[in-house]
Amino acid sequence: MNALALRRRPLAATSDGGAAPLRLGTGAKVALAVVALLALVALLAPVIAPYDPDKQDLLNIHAGPSADHLLGTDQLGRDILSRLIWGARPSLAGPLVVVLAATAVGVPLALAAGWWGGAVDTVVGRALDLLFAFPGILLAVLAVAMFGSGMVPCVIALAIAFVPLIARVTRSAVLGVRGAPYIAAAEVVGVPTARIWLRHLLPNVAPIVIAQATVAFGYALIDLAVLSFLGFGVQGTTPDWGMMVNAQQSIVQGHPDQAVWAGVLIVVAVSAVSYLGTHLTDRHHRDGRDA
Amino acid sequence: MSEPLLEVRDLSMTIGGRRRRRTILRDVSLRLDAGRTLGLVGESGSGKSMTARSILRLLPAGARTEGTVRFDGASLPDLSPAQLRRVRAHEIAMVFQDPRAHVNPVRTIGDFLTEALVLNDGVAAAEARDRARAGLADVGLSEPDRRLDQHPHELSGGMLQRVMIAAALLARPRLLLADEPTTALDVTTQSEVMAIVDELRRELGTAMLFITHDLELAAAVCDELAVMYAGEIVERAPAAQLVSSPRHPYTAALLAARPSVERRRARMATVGGRPIAAYEAGSGCSFAPRCPHAEERCRTAQALRPLGTAEVRCCRAEELETAAAERGEEAVR
Amino acid sequence: MTVNVERNLSPPGVDLGRFPSRGRARALALARHLGGLVALLLASSVVVFLSLQLAPGSPESVLFGQQQVPDAVREAVRARYHLDDPVPLQYLNWLAGVLQGDFGVSIAYQQPVSTRIGDAAATTVLLAGYALVLILLVGVGLGALAALRPGRVDGLVTLLTGVAVATPTFVAATLLLSYFAVELGWFPVYGPGTGLLDRLWHLTLPAVALTIWAASFVARVTRAAMREQLAGEHVETARARGLAERHVIRRHVFRNALVPITTVAGLQAAGLIVGTVVVDQIFQLGGLGQLLVTAVNQSDFPMVQAICLLLVCAFVLVNTGVDLLYRVLDPRLRAAAGARR
Numbered sequence: 001m002n003a004l005a006l007r008r009r010p011l012a013a014t015s016d017g018g019a020a021p022l023r024l025g026t027g028a029k030v031a032l033a034v035v036a037l038l039a040l041v042a043l044l045a046p047v048i049a050p051y052d053p054d055k056q057d058l059l060n061i062h063a064g065p066s067a068d069h070l071l072g073t074d075q076l077g078r079d080i081l082s083r084l085i086w087g088a089r090p091s092l093a094g095p096l097v098v099v100l101a102a103t104a105v106g107v108p109l110a111l112a113a114g115w116w117g118g119a120v121d122t123v124v125g126r127a128l129d130l131l132f133a134f135p136g137i138l139l140a141v142l143a144v145a146m147f148g149s150g151m152v153p154c155v156i157a158l159a160i161a162f163v164p165l166i167a168r169v170t171r172s173a174v175l176g177v178r179g180a181p182y183i184a185a186a187e188v189v190g191v192p193t194a195r196i197w198l199r200h201l202l203p204n205v206a207p208i209v210i211a212q213a214t215v216a217f218g219y220a221l222i223d224l225a226v227l228s229f230l231g232f233g234v235q236g237t238t239p240d241w242g243m244m245v246n247a248q249q250s251i252v253q254g255h256p257d258q259a260v261w262a263g264v265l266i267v268v269a270v271s272a273v274s275y276l277g278t279h280l281t282d283r284h285h286r287d288g289r290d291a
Numbered sequence: 001m002s003e004p005l006l007e008v009r010d011l012s013m014t015i016g017g018r019r020r021r022r023t024i025l026r027d028v029s030l031r032l033d034a035g036r037t038l039g040l041v042g043e044s045g046s047g048k049s050m051t052a053r054s055i056l057r058l059l060p061a062g063a064r065t066e067g068t069v070r071f072d073g074a075s076l077p078d079l080s081p082a083q084l085r086r087v088r089a090h091e092i093a094m095v096f097q098d099p100r101a102h103v104n105p106v107r108t109i110g111d112f113l114t115e116a117l118v119l120n121d122g123v124a125a126a127e128a129r130d131r132a133r134a135g136l137a138d139v140g141l142s143e144p145d146r147r148l149d150q151h152p153h154e155l156s157g158g159m160l161q162r163v164m165i166a167a168a169l170l171a172r173p174r175l176l177l178a179d180e181p182t183t184a185l186d187v188t189t190q191s192e193v194m195a196i197v198d199e200l201r202r203e204l205g206t207a208m209l210f211i212t213h214d215l216e217l218a219a220a221v222c223d224e225l226a227v228m229y230a231g232e233i234v235e236r237a238p239a240a241q242l243v244s245s246p247r248h249p250y251t252a253a254l255l256a257a258r259p260s261v262e263r264r265r266a267r268m269a270t271v272g273g274r275p276i277a278a279y280e281a282g283s284g285c286s287f288a289p290r291c292p293h294a295e296e297r298c299r300t301a302q303a304l305r306p307l308g309t310a311e312v313r314c315c316r317a318e319e320l321e322t323a324a325a326e327r328g329e330e331a332v333r
Numbered sequence: 001m002t003v004n005v006e007r008n009l010s011p012p013g014v015d016l017g018r019f020p021s022r023g024r025a026r027a028l029a030l031a032r033h034l035g036g037l038v039a040l041l042l043a044s045s046v047v048v049f050l051s052l053q054l055a056p057g058s059p060e061s062v063l064f065g066q067q068q069v070p071d072a073v074r075e076a077v078r079a080r081y082h083l084d085d086p087v088p089l090q091y092l093n094w095l096a097g098v099l100q101g102d103f104g105v106s107i108a109y110q111q112p113v114s115t116r117i118g119d120a121a122a123t124t125v126l127l128a129g130y131a132l133v134l135i136l137l138v139g140v141g142l143g144a145l146a147a148l149r150p151g152r153v154d155g156l157v158t159l160l161t162g163v164a165v166a167t168p169t170f171v172a173a174t175l176l177l178s179y180f181a182v183e184l185g186w187f188p189v190y191g192p193g194t195g196l197l198d199r200l201w202h203l204t205l206p207a208v209a210l211t212i213w214a215a216s217f218v219a220r221v222t223r224a225a226m227r228e229q230l231a232g233e234h235v236e237t238a239r240a241r242g243l244a245e246r247h248v249i250r251r252h253v254f255r256n257a258l259v260p261i262t263t264v265a266g267l268q269a270a271g272l273i274v275g276t277v278v279v280d281q282i283f284q285l286g287g288l289g290q291l292l293v294t295a296v297n298q299s300d301f302p303m304v305q306a307i308c309l310l311l312v313c314a315f316v317l318v319n320t321g322v323d324l325l326y327r328v329l330d331p332r333l334r335a336a337a338g339a340r341r
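Residue numbers (the UniProt record's numbering), protein chains in the order written: chain A, 1 to 291; chain B, 1 to 333; chain C, 1 to 341.
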């Protein structure tokens with residue numbers, strides 16, 4: 001096997017902007033469909049939600065499922081289904097922003113650390129170690145203590161906490177590609193570093209970064225839901241799934257419906273995303289071995 | 001003739017699920033007397049390793065065997081698990097090809113050597129350690145005392161293989177199954193390790209089934225040789241005879257393919273085609289597709305039949321033998 | 001019985017089995033490790049301290065809000081919280097106090113932080129310990145069962161852990177609370193309980209909530225690790241030597257699988273530290289988690305600092321502990337670490 005062929009393959013698969021067909025197993029296709037469906041629900045919330053999620057009906061609280069309210073109503077008589085549908089927006093957009101931001105910061109750091117090595121690598125490595133010492137949720141709690149509750153401090157804090165998660169994997173991927181003959185060749189011929197990064201390095205580490213980001217999305221979804229659940233995240237009447245699980249009063253009174261449904265949605269979303277992430281990671285490793 | 005120590009008759013083995021069963025061994029028959037050595041020679045995939053493993057019943061998942069394996073008169077496939085463990089613990093020991101993988105990496109050498117003594121025979125820890133130390137000295141390891149506390153990764157491959165040999169012989173077995181014990185070692189270490197195995201084996205009077213792809217090495221170490229191809233034995237003969245006058249075309253081809261100092265050639269002879277696995281073989285002679293002498297009748301099943309002091313699985317063995325003899329005379333003239 | 005062959009395999013001076021000053025190299029590596037640990041803890045403390053120092057809104061504004069206060073009182077408060085000192089000095093004072101167990105005075109309770117934290121920490125440690133025991137027992141037990149009983153048992157365990165591994169702790173806790181405490185009334189809904197037995201009783205449902213996700217994770221890794229070892233060549237050697245199956249499993253399969261199992265179990269133990277915050281809040285156990293959430297809502301900065309520092313330190317220490325345990329379990333890593341440094 002020659003190393004050139006081995007490293008070129010993922011390059012070919014990604015450099016034409018995702019035009020290459022995505023070969024996925026059945027399980028991964030189902031997972032992808034679930035994610036797509038949830039995303040669609042979030043996008044179309046105004047169209048498909050039967051009620052205004054904030055409209056209270058105090059004469060009809062804790063109603064069971066009926067033709068009017070498919071999943072019943074909550075402690076203020078609000079339609080649970082509508083709240084779940086609208087809740088998809090912050091529940092999915094939050095982790096998306098976290099992961100995009102963490103990737104935008106983590107990947108350049110990792111490229112620099114892996115490419116130049118030496119002092120750069122040491123400094124970046126130490127900084128990542130320090131960040132890694134802080135569980136993401138704790139960092140977010142600190143941020144909330146500093147700036148007050150809200151989605152923004154939580155998302156920023158989690159994005160920072162997730163940087164090492166992305167950067168570590170990327171760095172080792174960069175180290176793997178760094179020594180490849182065609183990179184050395186490009187350097188010898190005097191191709192500018194920026195060009196090598198864009199043309200060779202990035203496309204080659206992209207698959208593993210995407211896989212890791214997918215896995216991280218699942219974690220971010222859970223962490224943000226936990227923060228909302230604790231009352232630090234989404235504020236006001238805008239529902240999100242984590243906040244909906246926190247229905248202590250109703251639960252104690254024997255009406256766990258909205259908490260259960262929101263919990264189920266979180267479980268479904270997380271399992272779909274993490275299945276996809278694991279699948280992508282496995283496939284990447286398998287490709288690396290087979291080639 | 002007295003009862004042999006090990007007798008394998010018509011041993012067949014298949015593996016795989018219900019749908020696709022694959023043949024691994026076909027009618028393998030062997031006999032080995034106490035204190036003697038038999039070399040089992042063949043290319044990788046010929047089934048020699050599986051033969052040794054099926055003697056000890058170390059079978060892969062889903063394997064099924066037929067035929068008899070008798071050790072000292074007892075039928076090994078019919079033993080209860082407890083009886084089988086006793087045979088493995090005291091009667092038959094095995095040395096594997098890759099000591100790096102076959103010795104537990106997280107335990108000390110001392111642990112590895114003494115565990116069988118302590119757990120199987122209830123030997124006291126201190127005495128087991130003394131015996132382990134003596135065993136290491138026997139296989140020629142320096143500083144045996146320090147080795148006992150080391151871990152496998154601190155030893156070279158050759159040293160580790162000596163450890164495995166010491167472990168195998170600590171139980172004073174009557175039969176040693178040596179599965180390519182020197183293949184994973186570098187060339188200079190190979191001969192040392194082989195010398196140790198052979199010398200200790202002689203002193204203890206242990207019989208050995210020596211498995212290798214190296215025909216010459218086998219001939220140097222063993223009394224008798226059996227050549228395997230595609231899961232069956234194609235020729236069996238006393239070692240010197242098999243090397244000097246092979247009866248089976250495959251054996252002849254193997255001998256021609258080895259590098260030799262005496263016969264210098266522009267290019268080394270090779271056996272044409274690729275070796276096939278047992279499950280790929282048809283009903284006729286399994287070597288026929290690659291055999292330069294194959295003819296119509298080779299398409300029928302071949303039996304292992306006596307020919308002089310040898311046994312051979314080839315219907316043209318006599319003709320080929322005569323032809324070879326004539327060519328030899330011409331060469332002399 | 002002697003053998004007539006060249007005894008010494010290696011050329012003189014290149015004895016493969018010997019690292020001349022291995023003991024010292026190992027001690028040096030350990031020292032470096034500990035040095036790194038101390039540096040990491042110090043850096044964490046700086047982050048915790050500074051983040052709240054830089055926060056908009058001072059402790060006075062929290063205490064007094066919009067009301068007018070005489071300057072003398074204001075001065076006294078500023079002095080009490082050392083607010084007029086330069087920031088590095090404030091940090092050093094705070095750190096010196098922390099090292100002596102003095103975390104300052106809680107703004108909300110007007111009591112030393114340490115008096116509040118003591119009880120809460122005891123509850124949290126008890127809960128985490130309880131959960132860890134359950135996680136190890138259930139996780140390793142189920143994983144081993146699945147590895148040793150292929151077929152139906154394995155399939156069932158894989159299915160169960162597959163669902164559980166996607167269930168976040170707070171969802172599990174909520175569902176458990178709603179079903180076992182409210183619906184069936186088998187367990188208490190709120191509170192930490194009094195006396196050890198009653199306390200364990202109150203902590204059972206929270207501990208189970210913490211166990212579900214983590215134990216599934218441990219079970220999956222245990223199963224995979226034991227499967228891998230079962231197929232290993234060294235296990236074949238052990239069987240070939242006639243060792244009883246229970247010895248083979250214990251000494252060669254389980255012992256070797258412990259290396260990956262320890263890693264995940266360690267990760268889970270570290271994860272428990274955050275997990276307890278959530279569960280504590282749900283079941284109102286009065287542990288560090290509940291205290292932290294309350295303190296954040298009250299902007300009780302000294303309290304938040306103290307709890308965050310404790311949790312981060314616990315997290316770092318658990319991770320370091322696992323790292324060290326890992327080296328004990330796998331001798332190959334010990335050598336690699338010694339050789340690299």
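The C-beta atom is built at its ideal place from N, Cα and C for all residues, glycine as well.
What residues from chain C crowd round residue i, counting only those whose CB sits closer than 8 Å?
| i | result |
| --- | --- |
| L130 of chain A | L40, A43, S44, V47 |
| M208 of chain B | None at all; the shortest Cβ gap to chain C is about 15 Å. |
Give the single residue among the options whose Cα lies nearest to the Cα of residue i.
| i | options | result |
| --- | --- | --- |
| D54 of chain A | A:T238, A:A45, A:L202 | A:T238 |
| P152 of chain B | B:T65, B:D179, B:A125, B:D98 | B:D98 |
| G106 of chain A | A:V169, A:V141, A:L81, A:W115 | A:V169 |
| E311 of chain B | B:L225, B:A253, B:T300, B:R299 | B:L225 |
| R223 of chain C | C:Y130, C:L196, C:Y179, C:V138 | C:V138 |
| F301 of chain C | C:V105, C:L127, C:V98, C:G266 | C:V105 |
| T194 of chain C | C:T123, C:L134, C:L230 | C:T123 |
| R107 of chain B | C:R251, C:G271, C:I307, C:V182 | C:R251 |
| V118 of chain B | B:R36, B:E7, B:G308, B:L170 | B:L170 |
| L230 of chain C | C:S216, C:T263, C:V253 | C:V253 |
Measure the Cβ-Cβ separation of residue i and residue j and say whether it is below 8 Å.
| i | j | result |
| --- | --- | --- |
| L30 of chain B | G47 of chain B | no |
| A262 of chain A | P95 of chain A | no |
| G231 of chain B | A278 of chain B | yes |
| R88 of chain B | G232 of chain C | no |
| H248 of chain B | V41 of chain B | no |
| D149 of chain B | R133 of chain B | no |
| I117 of chain C | A270 of chain C | no |
| V304 of chain C | L52 of chain C | yes |
Go through its chain and collect everything with a Cβ distance to residue i's Cβ below 7 Å, but skip five positions before and after it.
| i | result |
| --- | --- |
| L265 of chain A | L84, W241 |
| residue 342 of chain C | No statement about residue 342 of chain C is possible, as the shown extent of chain C runs from 1 to 341 and does not include it. |
| H102 of chain B | F96, M164 |
Between residue i and residue j, which are expected to be in contact by the criterion C-beta below 8 Å, what is the C-beta distance as a whole number of angstroms?
| i | j | result |
| --- | --- | --- |
| T161 of chain C | L148 of chain C | Incorrect: roughly 16 Å between the Cβ atoms, too far for contact. |
| Y130 of chain C | L203 of chain C | 6 Å |
| L175 of chain B | L38 of chain B | That belief does not hold up - the Cβ atoms of L175 of chain B and L38 of chain B are roughly 10 Å apart, past 8 Å. |
| Q268 of chain C | V218 of chain C | 6 Å |
Within a Cβ cutoff of 6 Å, which residues of the same chain sit near residue i, ignoring the five residues on either side of it in sequence?
| i | result |
| --- | --- |
| G231 of chain A | none |
Leaving out the 5 sequence neighbours to the left and right, which residues in its chain are closer than 8 Å to residue i when beta-carbon positions are compared?
| i | result |
| --- | --- |
| G321 of chain C | G266 |
| N93 of chain C | H82, D85 |
Residues of chain C with CB closer than 7 Å to the CB of residue i, please, in chain order.
| i | result |
| --- | --- |
| V234 of chain A | Those within 7 Å of V234 of chain A in chain C number zero; the least Cβ separation is about 15 Å. |
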